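With the working numbering as the guide, the letters of the sequence shown map in order to residues 1 to 164.
For every residue, glycine included, the Cβ atom is placed at its ideal position computed from N, Cα and C.
Small disclaimer: the values here were computed from a predicted structure and weren't measured.
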Amino acid sequence: MEGLETKIIITLGVLLSLVVLLGITSRYLSKVAEEKGFSDHRKVYVSNFFTAGYVIVVIIILISVWDVSIQGVSIFVSSFFTLLGVAFVAQWSLLSNITGSILLFFAYPFKIGDYIRIQDGGENSVEGKIINITLFNIRILTDDGVDIAYPNNLALQKPIKKIK
Numbered sequence: 001m002e003g004l005e006t007k008i009i010i011t012l013g014v015l016l017s018l019v020v021l022l023g024i025t026s027r028y029l030s031k032v033a034e035e036k037g038f039s040d041h042r043k044v045y046v047s048n049f050f051t052a053g054y055v056i057v058v059i060i061i062l063i064s065v066w067d068v069s070i071q072g073v074s075i076f077v078s079s080f081f082t083l084l085g086v087a088f089v090a091q092w093s094l095l096s097n098i099t100g101s102i103l104l105f106f107a108y109p110f111k112i113g114d115y116i117r118i119q120d121g122g123e124n125s126v127e128g129k130i131i132n133i134t135l136f137n138i139r140i141l142t143d144d145g146v147d148i149a150y151p152n153n154l155a156l157q158k159p160i161k162k163i164k
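Here's what the structure looks like:
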């Protein structure tokens, strides 16, 4: 019975650590979002990304603590990652846009409501007001009233000038 009690205590400790870590992350992301003037839904995108990562780590730890059959888990995990790999190869830009969204959240000095110009070489340049920054793109409203969705991965590769 002693082994079971230890596993339960470790499990509770890991789950408590997860709750504390999620709270710390949430406060930090709220602070960054407030300092940079980001919207709440943009903070939620980034928060969900971190939550998923933490949950994956907790699951791996709990599988180890509870001595779950490595063979069964490895077959499931390898199948999952194979499907995930095929999906990302088919849509490689999906992953780069999600990564771009995380980088834009922490590293870029513009926010919703700013007037910017993405310099993409001559006629391909985009200028307008940022109306939204999502997990996949920056939505820009031009002076002509055109709503343009500019992919996050491309925004990271181009010079962006904050005009207003």
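Query                                                                                                                            : Result
Report buried or exposed for glycine 145, applying the criterion of at least 16 other Cβ atoms within 10 angstroms of its Cβ.    : exposed
Considering only C-alpha positions, which residue in the set Ser17, Lys36 and Ala155 is nearest to aspartate 120?                : Ala155
At the level of alpha carbons, what is the spacing between lysine 161 and phenylalanine 106?                                     : 17 Å
How is lysine 158 classed by DSSP in three states: helix, strand or coil?                                                        : coil
Just to confirm, are isoleucine 130 and isoleucine 112 a CB contact at a threshold of 8 Å?                                       : yes
Thinking just about the alpha-carbon of each residue, which of Ile133, Tyr150 and Pro109 is nearest to the one in glutamate 127? : Tyr150
Report the residue from Ile61, Ile8, Phe81 and Pro159 whose alpha carbon sits nearest the alpha carbon of isoleucine 118.        : Pro159
In this structure, how does DSSP classify lysine 111 when only helix, strand and coil are distinguished?                         : coil
On a Cα-Cα basis, can you pick out the residue from Ile60, Arg27 and Ile116 that is closest to serine 74?                        : Ile60
So if DSSP puts isoleucine 148 in a beta bridge, which residue, or which two residues, is it bridged to?                         : Ile140
Straight-line CA distance for glycine 3 to serine 64?                                                                            : 14 Å
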